[in-house]
Amino acid sequence: MSISKTYNPKEAEDKWYTYWMEKGFFRSIPDDREPYTIVMPPPNVTGVLHMGHMLNNTIQDVLIRRARMQGKNACWVPGTDHASIATEAKVVAMLKEQGINKKDLTREQFLEHAWEWKEKYGGIILKQLEKLGASCDWERTKFTMEPDLSDAVIDTFIRLYRKGYIYRGVRMVNWDPQGRTALSDEEVIRKEVNQTLYYVRYAVKGTGDTPSYLTIATTRPETIMADTAVCINPNDPRYAHLKGKTALVPLINREIPIIEDEYVDMEFGTGCLKVTPAHDLNDYELGQKHNLEVIDILNDDGTLNDKAQLLVGEDRFKARKSVAKLLEEAGQLEKTEPYKSQVGFSERTDAAIEPKLSMQWFCRMQELAKPALDYVVNGEVKLIPDKFISTYRHWMENIKDWTISRQLWWGQRIPAWYNTQNEWVVAKTEAEARALFEAEGKSTEGIRQEEDVLDTWFSSGLWPMSVFDGTRHPDNADIRYYYPTSDLVTAPEILFFWVARMIIFGHEYRGQPPFKNVYLTGIVRDKLGRKMSKSLGNSPDPIELMAQYGTDGVRVGMLLSSPAGNDLMFDVAYCEQGRNFANKIWNAFRLVKGWEVAAIPASSAQHEAASWFGHRFNQAIAEIEDHFTSYRISDALMATYKFVWDDFCSWYLELVKPAYQQPIAKETFEATKGFFEAVLKLIHPFMPFISEELWHDELFGERSEQDCCMIAEYPTAGVFDEPTLSDFAVLQQVISEIRNLRNAKQISPKTPLPLAIHASSGIDFKRYAESIQKMANVSAVSFADGKQAGSTSFLVGKDEFYVSLAQSIDADAERERITKEIDYLNGFLKAVNAKLANERFVQNAKPEIVANERNKKADAEAKIKRLEEHLANL
RNA sequence: GGGAGCUUAGCUCAGCUGGUUCAGAGCACCUGCCUUACAAGCAGGGGGUCACUGGUUCGAACCCAGUAGCUCCCA
Numbered sequence: 001m002s003i004s005k006t007y008n009p010k011e012a013e014d015k016w017y018t019y020w021m022e023k024g025f026f027r028s029i030p031d032d033r034e035p036y037t038i039v040m041p042p043p044n045v046t047g048v049l050h051m052g053h054m055l056n057n058t059i060q061d062v063l064i065r066r067a068r069m070q071g072k073n074a075c076w077v078p079g080t081d082h083a084s085i086a087t088e089a090k091v092v093a094m095l096k097e098q099g100i101n102k103k104d105l106t107r108e109q110f111l112e113h114a115w116e117w118k119e120k121y122g123g124i125i126l127k128q129l130e131k132l133g134a135s136c137d138w139e140r141t142k143f144t145m146e147p148d149l150s151d152a153v154i155d156t157f158i159r160l161y162r163k164g165y166i167y168r169g170v171r172m173v174n175w176d177p178q179g180r181t182a183l184s185d186e187e188v189i190r191k192e193v194n195q196t197l198y199y200v201r202y203a204v205k206g207t208g209d210t211p212s213y214l215t216i217a218t219t220r221p222e223t224i225m226a227d228t229a230v231c232i233n234p235n236d237p238r239y240a241h242l243k244g245k246t247a248l249v250p251l252i253n254r255e256i257p258i259i260e261d262e263y264v265d266m267e268f269g270t271g272c273l274k275v276t277p278a279h280d281l282n283d284y285e286l287g288q289k290h291n292l293e294v295i296d297i298l299n300d301d302g303t304l305n306d307k308a309q310l311l312v313g314e315d316r317f318k319a320r321k322s323v324a325k326l327l328e329e330a331g332q333l334e335k336t337e338p339y340k341s342q343v344g345f346s347e348r349t350d351a352a353i354e355p356k357l358s359m360q361w362f363c364r365m366q367e368l369a370k371p372a373l374d375y376v377v378n379g380e381v382k383l384i385p386d387k388f389i390s391t392y393r394h395w396m397e398n399i400k401d402w403t404i405s406r407q408l409w410w411g412q413r414i415p416a417w418y419n420t421q422n423e424w425v426v427a428k429t430e431a432e433a434r435a436l437f438e439a440e441g442k443s444t445e446g447i448r449q450e451e452d453v454l455d456t457w458f459s460s461g462l463w464p465m466s467v468f469d470g471t472r473h474p475d476n477a478d479i480r481y482y483y484p485t486s487d488l489v490t491a492p493e494i495l496f497f498w499v500a501r502m503i504i505f506g507h508e509y510r511g512q513p514p515f516k517n518v519y520l521t522g523i524v525r526d527k528l529g530r531k532m533s534k535s536l537g538n539s540p541d542p543i544e545l546m547a548q549y550g551t552d553g554v555r556v557g558m559l560l561s562s563p564a565g566n567d568l569m570f571d572v573a574y575c576e577q578g579r580n581f582a583n584k585i586w587n588a589f590r591l592v593k594g595w596e597v598a599a600i601p602a603s604s605a606q607h608e609a610a611s612w613f614g615h616r617f618n619q620a621i622a623e624i625e626d627h628f629t630s631y632r633i634s635d636a637l638m639a640t641y642k643f644v645w646d647d648f649c650s651w652y653l654e655l656v657k658p659a660y661q662q663p664i665a666k667e668t669f670e671a672t673k674g675f676f677e678a679v680l681k682l683i684h685p686f687m688p689f690i691s692e693e694l695w696h697d698e699l700f701g702e703r704s705e706q707d708c709c710m711i712a713e714y715p716t717a718g719v720f721d722e723p724t725l726s727d728f729a730v731l732q733q734v735i736s737e738i739r740n741l742r743n744a745k746q747i748s749p750k751t752p753l754p755l756a757i758h759a760s761s762g763i764d765f766k767r768y769a770e771s772i773q774k775m776a777n778v779s780a781v782s783f784a785d786g787k788q789a790g791s792t793s794f795l796v797g798k799d800e801f802y803v804s805l806a807q808s809i810d811a812d813a814e815r816e817r818i819t820k821e822i823d824y825l826n827g828f829l830k831a832v833n834a835k836l837a838n839e840r841f842v843q844n845a846k847p848e849i850v851a852n853e854r855n856k857k858a859d860a861e862a863k864i865k866r867l868e869e870h871l872a873n874l
């Protein structure tokens, strides 16, 4: 081992990751141990590692490593998601660069390119996860579009179809004109957009000779050609005269009815609404109610079609301006005003969503959602933090049918088959489809498969089962052993997209939810609280961060400030803190490694330190355990951090450290090595690399090939003795007081000072005399019974301590200090006395609380008495 | 418009069933130290009207109501 002053993570990282892989430590096969399973939320194949992945996978790795060390059969299944629309968009763009237009390719040719792309780039993110130390069972790596997983998807479609959950119909869907596909509601992101409200005049017919018109406010003038009615509120006196009349659509002069419906908001705009059933969801519903014609004037790509009669072929946004101009020229544009409103955008392509009527496949959700809601409500699936339960409930209780078809090629093609009459059947293969047609007495002529593929979430919903092939072979050893999995770590944004659907599918197939706990991480933001994004350029590259601060440092940095469900205000300062922590451990190790061992007895300080630290260790493990049990991972880390830095380094090691060039007692050395080894195990889940690196140092002797920190037994809390711990806490206070004194009086730490103790608490300070001398640079400890003239004094608990300073003491300053303390205690005493004098308190409060107040009173009084004596002695 | 949540030190956050000296932690800050493990460090220190206003209670950061500000989700 090098004796470099700072820890150098680079070589350790590559070395140990490779070693673990070679030894097969990440591999999991069912056996008779308790399983602990996590399925990784599969990143998109298009993805590159970003800070969100970093956080998410670090948490998973901490959980899985700890479980593994606890002797569980830990299985972390990695994989990637085919991400239909994102990947297809990427491949289309790539082809375009090569001068290839998707339109010129057959489905098969396109898919060939797509697979080629996937093989080339699809594994990047998994490779990056290795840098992070992810201890996944890579032999189990899955991809949502590989044959068996696709098979599971198709089977599920057929299964749900046969059960009546899947249907086909014309509905208003969210249309992405750029991706040219339907999207589910969850894939639409609403944003506030500055728009223009156009006030458009429609001529009214049948008002006699006087030409009359009504004015309608709209943000979408380009859709007027698709209007099939004008609607007014029947209670609106302003428009009573319009009842039963008709209006003319501007520019094209098509006659449309004026209908009445209370749906119309009289306050908004002019109180007149244009009804465009083909291009607005609410208008569509209105149209259904009033039996209106539906005129769809848009092509799939968002350009106007010939039904528009005008501007055919022009893009909707360009057409908006053109129509406005035409209206103006025709004198039918009354005015315009700025207006803010919510507009939907495609999550993947960021194109403005066009509500569009189209034939799609849907999954009926209400019935399926019921058990999935119950699991969460009754706690069989725990959401962490539980504040998400109400959000989940709200969504599940108001769930709508799910649009599952996508007009894309990259994905699982819907197993529906059509004949030339457009009749259809659902079947896995063409042969089965033919048989079904024939059985129904229908023609099989021109049989062809549905062009659409299934929504990606349909396949990721099966993920916790399909990775174990659990839908196709529900009794296979893997699924029986690993399902339900233990913990799922994911982001709240996809609670519905993904988590809910996994629970739904899990219940459907196995009557059991797919996991027991769902740990919801926050969003990684920059320190100003902004979401990290490419356009802002505020997202650091995790790979570079790891190179700079070391993987362990970055892992610690990520976790330090990320309680579950809270957004993380990321700042590289946290990584720096993580790096410094690694360095601290490194240097503690250098200290121990440098010791020369001799056959000498342990000193008193060494003896007391080892005794205390053993108890403290057990206490710390219990604390950390408690944090982990409640999934307070950042707290578990902080407890570990403080335990290692403060208790181990600042107290234990300083106490046992031999004087310069002096040897250490073998007994103490061995104890220290044991503690150090346990510390390495404790930090391993958080800091896998440095712990493994040090584990193999020759200090610990020969290790067998299999003897790694990674698979060592995680420490468990033994009993700890409270009195030992509380006595030591007093000792620590005494030492701090003396150091403080020195600091306040500007006395060099090198100047030894004598200490006299007047103990009345019963603590045996003789035991600690040497420890105090060593830690506070005290020349001699004596025991007295009060009155140490010429000394400065302080109290710790009931015990009095006198330090005789080399310089003469400043009596006035001492008097002031002590008086201040007495004043404080008197104030405190007053409050306590007030409580005790209050009859209702004594009567109502719990007896132990009252007793406690009496103790506080007695303590304060005793302290005051002693301080007054000190004052008198000055 | 409907739903959920947040507001505690300069920053990021803890604070379980109201009851010790309960106002905490880490970082940052200030002071003094190159003490031969570590200046990526050591020792010490300062810092908050617990958003605001009322209420309940013997007692409120904690429970209730209202106000203000912020965030997220759904429409």
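Per the UniProt record's numbering, residue 1 is the first one in the first sequence, and the count goes up by one each step. Beta carbons are placed, not taken as given, at the ideal position from N, Cα and C, and that holds for glycine.
Counterpart residues of residue i in DSSP-defined beta bridges
i           : result
Ser793      : Tyr802
residue 894 : Only positions 1 to 874 of the chain appear in this structure, which leaves residue 894 out of reach.
Val734      : Partner(s): none; Val734 has no beta bridge.
Gly79       : Lys142
Ser212      : Val204
Arg413      : Val453
7 Å Cβ shell around residue i - same chain, five flanking residues per side excluded
i           : result
Thr37       : Cys75, Tyr482, Thr485, Ser486
residue 914 : Examination of residue 914 is not possible in this model, given that the chain is present from 1 through 874 alone.
Gln619      : Phe720, Leu725
For residue i, the three-state DSSP class (helix, strand or coil)
i      : result
Cys136 : coil
Gly827 : helix
Ser443 : coil
Gln360 : strand
Arg434 : helix
Lys372 : The sequence given here has Ala at residue 372, not Lys. Residue state, collapsed to three classes: helix.
Asp148 : helix
Ile5   : Going by the sequence as given, residue 5 is Lys instead of Ile. Note: Lys5 maps to coil in three-state DSSP.
Asn282 : helix
Thr37  : strand
Arg448 : strand
Cys708 : coil
Ser771 : helix
Pro221 : helix
Same chain, Cβ closer than 8 Å to residue i, neighbours up to 5 away in sequence not counted
i      : result
Arg33  : Gly71, Lys72, Asn73
Asp151 : Arg472
Continuous alpha helix (DSSP H) stretch holding residue i: start and end
i      : result
Met51  : 51-69
Trp175 : Unbroken run through Trp175 is the beta strand (DSSP E), 166-176; no alpha helix (DSSP H).
Cys575 : 572-593
Lys118 : 107-121
Glu397 : 388-397
Buried or exposed by the 16-neighbour rule on C-beta atoms within 10 Å, applied to residue i
i      : result
Met465 : buried
Glu533 : Looking at the sequence shown, residue 533 is not Glu but Ser. By the 10 Å Cβ count, Ser533 comes out exposed.
Phe317 : exposed
Val719 : exposed
Ile252 : exposed
Own chain, CB closer than 6 Å to residue i, minus 5 neighbours either side, in chain order
i           : result
Glu187      : Glu347
Met396      : Ala369, Leu373
residue 875 : Past the edges of the chain, shown from 1 to 874, lies residue 875, and the structure says nothing about it.
Met1        : Because Met1 carries a pLDDT of 44, less than 50, the predicted location of this residue cannot be relied on, and the following value inherits that uncertainty. Contacts found: Asp697.
Residue span of the beta strand (DSSP E) that contains residue i, given as start and end
i     : result
Pro43 : Premise fails: Pro43 is in no beta strand (DSSP E) and is neither H nor E.
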